[in-house]
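Residue numbers (our numbering): 81 to 169.
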């Protein structure tokens with residue numbers, strides 16, 4: 081997977097949002113909000129190829145969670161990013 085060029089993460093108060101920069105990426109009907117761990121993952125893979133396994137490893141490095149929980153969370157995050165159209169497979 082890879083982040084689609086033009087999508088940037090911004091912090092808005094205590095939340096993180098993904099915004100499209102450039103007229104082709106602007107969609108005022110949709111805002112992508114990330115929690116702290118998803119924002120950590122987004123920053124960690126910015127500009128590089130990644131897969132669910134990489135996201136899982138990053139979660140295990142940063143948080144005190146089991147491999148099972150990290151694997152489930154990584155898969156959910158990847159799926160939501162694909163569905164939102166901010167990463168490509």
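Don't be surprised by glycine CBs; every beta carbon is placed ideally from N, CA and C.
Quick one: what's got a C-beta closer than 6 Å to residue 155's C-beta in the same chain, skipping five residues either side? Mapped onto the chain shown, residue 155 falls at position 75. These residues qualify, in order along the chain: 132.
Buried versus exposed, by CB contacts within 10 Å (16 or more), residue 113: Translated into the one-based positions of the chain shown, residue 113 becomes position 33. The residue is exposed, with fewer than 16 neighbouring Cβ atoms inside 10 Å.
Taking the alpha-carbon positions, what's the residue 139 to residue 126 distance? Position 59 of the chain shown, counted from the first residue, corresponds to residue 139. Position 46 of the chain shown, counted from the first residue, corresponds to residue 126. Distance between the alpha carbons of residue 139 and residue 126 is about 15 Å.
Less than 7 Å between C-beta atoms, sequence neighbours within five positions excluded: which residues of the same chain meet that for residue 82? The residue labelled residue 82 in the question sits at position 2 within the chain shown. Excluding positions up to five away in sequence, the list reads 129, 167, 168.
Got a sec? Which residues, its chain only, sit under 7 Å from residue 145 by beta carbon, not counting five neighbours each side? Residue 145 sits at position 65 when you count from the first residue of the chain shown. Excluding sequence neighbours, residue 145 sits near 139.
Per-residue DSSP class, three states only, for residue 152: For the purposes of this step, residue 152 is identified with residue 72 of the chain shown, where counting begins at 1. Reduced to three states, the DSSP call for residue 152 is helix.
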